[in-house]
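**Q** My numbering puts the first residue of the sequence shown at 2, with every later residue one more than the last.
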Amino acid sequence: MDHTAVAIALCLLGVFLGSFTGASVWRVRKRQLKQDVKDGYKVSETAQRQVEKLKSKSIAKDRSVCLHCGHTLHWYDLVPIFSWIYLDGKCRYCGKKIGNMEPLIEISTGLFFLLSYVLWPGTLNTAVDYIHLAVWLAAGVILIGLFVYDTKWKLLPNVAVWPLVGLGAVSSGIALYRNDFDISSVISILSGVLVLSGLYFVLHRASGGKYVGFGDVKLGLALALLLADARLAFLTLFLANLIGVIVILPGLIRRKVGMKSQVAFGPLLIAAYFISGIFGAEIINFYLIYTMG
Numbered sequence: 002m003d004h005t006a007v008a009i010a011l012c013l014l015g016v017f018l019g020s021f022t023g024a025s026v027w028r029v030r031k032r033q034l035k036q037d038v039k040d041g042y043k044v045s046e047t048a049q050r051q052v053e054k055l056k057s058k059s060i061a062k063d064r065s066v067c068l069h070c071g072h073t074l075h076w077y078d079l080v081p082i083f084s085w086i087y088l089d090g091k092c093r094y095c096g097k098k099i100g101n102m103e104p105l106i107e108i109s110t111g112l113f114f115l116l117s118y119v120l121w122p123g124t125l126n127t128a129v130d131y132i133h134l135a136v137w138l139a140a141g142v143i144l145i146g147l148f149v150y151d152t153k154w155k156l157l158p159n160v161a162v163w164p165l166v167g168l169g170a171v172s173s174g175i176a177l178y179r180n181d182f183d184i185s186s187v188i189s190i191l192s193g194v195l196v197l198s199g200l201y202f203v204l205h206r207a208s209g210g211k212y213v214g215f216g217d218v219k220l221g222l223a224l225a226l227l228l229a230d231a232r233l234a235f236l237t238l239f240l241a242n243l244i245g246v247i248v249i250l251p252g253l254i255r256r257k258v259g260m261k262s263q264v265a266f267g268p269l270l271i272a273a274y275f276i277s278g279i280f281g282a283e284i285i286n287f288y289l290i291y292t293m294g
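1) Return the chain-ordered ranges of every alpha helix (DSSP H) run that is complete within the region 113 to 167 and spans a minimum of 4 residues.
2) List the endpoints of the continuous alpha helix (DSSP H) containing Cys295.
3) Rounding to the nearest angstrom, what Cα-Cα distance links Thr152 and Phe21 in this structure?
4) Which residues in the same chain as Val264 place their Cβ atom closer than 7 Å to its Cβ, once the five residues preceding and following it in sequence are excluded?
5) At 4 residues or longer, what runs of the alpha helix (DSSP H) sit wholly inside the region 191 to 266?
6) Under 8 Å Cβ to Cβ from Pro109, same chain only, skipping five residues before and after it: list those, please.
7) Expressed to the nearest angstrom, what Euclidean distance is found between the alpha-carbon atoms of Asn180 and Ile290?
8) DSSP three-state call for Trp171: helix, strand or coil?
9) State whether the region 39 to 57 contacts the region 66 to 77, with contact taken as three or more CB pairs (one from each stretch) at a distance under 8 Å.
10) For Val246 versus Val160, is the C-beta distance shorter than 8 Å?
11) Any idea what DSSP makes of Val80, helix, strand or coil?
12) Between the Cα of Gly169 and the Cα atoms of Leu105, Leu138, Leu112, which residue gives the shortest distance?
13) Name the residue from Gly278, Leu236, Ile190 whose alpha carbon lies nearest to the alpha carbon of Gly123.
14) Would Val213 pass as a contact of Phe266 if the rule is Cβ separation under 8 Å?
15) Taking C-beta to C-beta, are Val166 and Leu177 nearer than 8 Å?
16) Does the separation of the CB atoms of Ala229 and Val162 fall below 8 Å?
17) On the three-state DSSP scale, how would you describe Val187?
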C-alpha cells in the first residue's frame with residue numbers, strides 16, 4: 002500500500018481513537034470519584050457535578066452525553082473535530098460550551114499516529130515490526146488520556162496504568178526476541194526499570210507520597226518496559242526534568258508556583274517518553290559524537 006495512503010489512514014484512525022479517549026477520560030473520572038466515595042474519601046460537590054450527567058454504565062455500553070444537560074448525543078454530534086467546529090464548540094441541545102479538551106485530544110492523537118508512522122525510527126519489514134508499531138500506538142492512546150487526566154486532576158488511575166504496563170511487557174518481549182534474549186538486553190531493560198520506576202519509588206517513600214505519588218512509580222515502570230532500553234530510560238528521565246524546569250520556572254519567577262504547589266509529574270514523563278521513543282537514538286548519537294569528538 003502507498004505510504005501516503007497508510008499515513009492518512011493512520012491519522013484518521015488516530016482522530017477517531019482520540020474521540021473515544023476524550024469521552025473515556027470523563028467516564029474514568031466518574032468511576033474514580035465513585036470509588037473514592039466508597040473508600041471514604043471526601044469528594045467535592047463541584048467534582049461530582051462535573052460528571053453527574055454521565056450514565057452509570059460500562060465504558061463499552063455507555064452512550065456519550067452532554068455533561069451540562071445530559072442529552073444523549075447522536076452520531077452526527079460526535080464526528081471528530083468537524084462536529085465541534087460546525088456547532089461552534091457548543092452543545093446542539095442546550096447551547097452551552099463543550100470546551101476545548103475533546104477536539105485537542107482528537108487532533109493530538111491524529112498527529113501522534115501520523116508522525117509515529119512518518120518518523121518511525123525502526124524498520125517496518127516483518128510482522129514483529131508491525132506489532133511493535135501497534136504496541137507503540139496503543140500505548141500512545143492510553144498515554145494521551147493519562148496526560149489529560151493527570152493534568153486536570155493530578156491522578157494516574159490504575160484502570161489505565163496497568164494495561165500500559167501490560168503493553169510495556171509486550172514491548173520488552175519484542176526487544177528481547179530481536180536480540181535473541183541476550184543477557185545484555187535483559188540487564189538494559191531492568192536498568193531502565195530501576196531508573197524510571199525505582200527512582201520515583203525512592204522519592205515516593207522519602208516524601209511519604211507528598212511530592213511523588215505511587216501512580217508515577219507505576220507509570221515509570223510502564224514507560225521503562227515500553228522503551229526496553231536503559232539509555233532511552235535515562236534520556237526520558239533527563240528530558241522530563243528539563244521540561245519540568247521549562248514549564249515550572251516561569252511560575253516560580255512570577256511566584257504563581259510555590260515549593261508546596263502540587264505538580265503533576267505524569268505529563269512531564271509522558272512528553273519525555275514520546276520524544277525519546279521517536280528521536281532518542283538520534284539524540285544519544287548526537288550527544289556521543291559531540292562529547293567524544
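Each residue gets a CB set at the ideal place from its N, CA and C atoms; glycine is no exception.
**A** Concretely, from the data shown:
1) 128 to 154
2) With the chain represented from 2 up to 294, any question about residue 295 goes unanswered, as that position is not in the structure.
3) For the purposes of this step, residue 152 is identified with residue 151 of the sequence shown, where counting begins at 1. For the purposes of this step, residue 21 is identified with residue 20 of the sequence shown, where counting begins at 1. In a straight line, the C-alpha of Thr152 is about 18 Å away from that of Phe21.
4) Here residue 264 corresponds to residue number 263 of the sequence shown, with the count starting at 1. Here the set comprises Ile249.
5) The alpha helix (DSSP H) runs of length 4 or more contained entirely in the region 191 to 266 are, from start to end of the chain, 200 to 208, 215 to 228, 231 to 254.
6) For the purposes of this step, residue 109 is taken as residue 108 along the sequence shown, with counting starting at 1. Going by the sequence as given, residue 109 is Ser instead of Pro. Closer than 8 Å at the Cβ level, and outside the excluded window around Ser109, lie Gly19, Ile145.
7) Taking the sequence shown and counting its residues from 1, one reaches residue 180 at position 179. Taking the sequence shown and counting its residues from 1, one reaches residue 290 at position 289. The alpha-carbon atoms of Asn180 and Ile290 are separated by roughly 25 Å.
8) On the sequence shown, position 170 is the one that residue 171 refers to. Going by the sequence as given, residue 171 is Val instead of Trp. Helix, per DSSP.
9) yes
10) Walking along the sequence shown from the start, residue 246 turns up at place 245. Walking along the sequence shown from the start, residue 160 turns up at place 159. No, they are not a contact pair.
11) Here residue 80 refers to the residue found at position 79 of the sequence shown. Coil.
12) For this step, residue 169 is matched to residue 168 along the sequence shown. Selected option, being the one with the closest Cα: Leu138.
13) Within the sequence shown, the letter at position 122 stands for residue 123. Looking at the Cα atoms, Gly278 is the closest of the given residues.
14) Locating residue 213 in the sequence shown gives position 212, where the first residue counts as 1. Locating residue 266 in the sequence shown gives position 265, where the first residue counts as 1. Closer than 8 Å, so yes.
15) Counting from 1 along the sequence shown, the entry for residue 166 is found at position 165. Counting from 1 along the sequence shown, the entry for residue 177 is found at position 176. Cβ atoms of Val166 and Leu177: not closer than 8 Å.
16) As a working mapping, residue 229 is identified with position 228 in the sequence shown. As a working mapping, residue 162 is identified with position 161 in the sequence shown. No, Cβ-Cβ distance for Ala229 and Val162 is not below 8 Å.
17) Translated into the one-based positions of the sequence shown, residue 187 becomes position 186. It is helical.
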